[in-house]
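In this text, residue positions in the sequence shown follow the working numbering: the first is 51, and each later residue adds one.
Below: the structure, in structure tokens.
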Amino acid sequence: MIAITKREIASYFTSPLGYVFLAVFWGFSGLFLQIGCLRTGQSDMSVVFSMMFFIMMILIPILTMRTMADDKRQKTDQLTLTSPVSLFGIVAGKFLAAFAVFFSGVLITLVYALFLSEAVKDMGGEFAWAVFWGNFLGMLLMGGVFISIGIFISNLTENQMIAAIGSIGANIALCMFDVISTYIPNETAKNVINDLSVFYKYSEFTAGIFRLTNIIFFLSLIVIFNFLTMRTTERRRWS
């Protein structure tokens, strides 16, 4: 697993993909910081995290589109499948590599927070670190969900572009529960759909609401989609 993780991380930066992902991620996060904090004189970064949700929904599929599809296209997947590496090691290695690149992008928000903290301190105020860490954790969990979905979709095709578009579509569908619930008159059914909404739960993080159930929900989605990737990979191993 560690060997696969290292190989995948290296592959992101031997091609322009890793650099492009980080440049776009940092560019949009800086833009949203300017709009939501610097221009308004606010130190609450919740608006930055809220707006980055939609960027992640589109940008992360570009990061994950090649994880499985490229191996299938180049026919190197059979070499990996016949190697003495478990299916868990293969999938976990690719997930951790993509997550490591994503985490490198998210770290820029910590730099922003340190900058704002010093600025607030100079004005005699106090930076809301508890709210920031809640947002930070929410972004990491949401990113993990999008990455696991992206790897699963990538495992279903040899075409990287199809994998990217399919992942974006899956992410949008997963976030549409909020919209669907507004058209359902039955209160019980509406609550059930809201409980399945990733955007609703992510919004709670950005609002400073910290729930253990939300963390478990996101972790469960990550496990489920990685498990589905393992199962589809296993079926291809024996086909």
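Every residue gets a Cβ at the ideal spot worked out from N, C-alpha and C, and that includes glycine.
| Query | Result |
| --- | --- |
| Alpha helix (DSSP H) containing N185: first to last residue? | 179-204 |
| Anyone know if the C-beta pair for V141 and T282 falls short of 7 Å? | no |
| In terms of alpha-carbon separation, which member of F196, N205, K171 lies closest to I105? | F196 |
| Please confirm if the segment 87-98 is in contact with the segment 154-170, defined as three or more CB-CB distances below 8 Å between the two stretches. | yes |
| Could you pull out every residue in the same chain whose Cβ sits closer than 8 Å to the Cβ of T83, ignoring the five residues on either side in sequence? | The sequence shown places Leu at residue 83, rather than the Thr named in the question. Same-chain partners within the cutoff: M95, V98, Y162. |
| Between Y252 and the rest of its own chain, which residues show a CB-CB distance below 7 Å, the 5 nearest in sequence each way excluded? | F103, G188, M192 |
| Should E208 and A119 be called a contact, given that it needs their Cβ atoms to be closer than 7 Å? | yes |
| With a threshold of 6 Å on Cβ separation, who are the neighbours of L224 within its own chain once the five nearest residues in sequence on each side are excluded? | V248 |
| Note down the Cα distance separating S79 from R89, rounded to an integer number of angstroms. | 14 Å |
| Going by beta-carbon coordinates alone, are V151 and G68 separated by less than 7 Å? | yes |
| What span of residues does the alpha helix (DSSP H) with L246 cover, start to end? | Premise fails: L246 is in no alpha helix (DSSP H) and is neither H nor E. |
| For the segment 170-187 and the segment 258-266, state whether three or more C-beta atom pairs, one from each stretch, are separated by less than 8 Å. | yes |
| Is it buried or exposed for D171, if we count other Cβ within 10 angstroms and need 16 for buried? | Sequence check: residue 171 is Lys here, not Asp. When all chains shown are included, K171 counts as exposed. |
| I believe F227 touches L206 by the beta-carbon criterion, under 8 Å. Please report the beta-carbon distance rounded to the nearest angstrom. | The pair is not a contact, with the Cβ atoms about 23 Å apart (cut-off 8 Å). |
| Could you say which of F255, I52, Q210, L271 lies nearest to L146 if we only look at CA atoms? | I52 |
| For L81, is the classification buried or exposed, using 16 other Cβ atoms within 10 angstroms of its Cβ as the cut-off for buried? | exposed |
| Helix, strand or coil: how does DSSP classify V229 here? | helix |
| What residue does the alpha helix (DSSP H) around R57 start on, and which one ends it? | 52-63 |
| If you measure between the beta carbons of I199 and F275, is that distance less than 7 Å? | yes |
| Look up V161 in the DSSP assignment and say whether it is helix, strand or coil. | helix |
| Taking just the CA atoms, how far does S154 sit from L72? | 8 Å |
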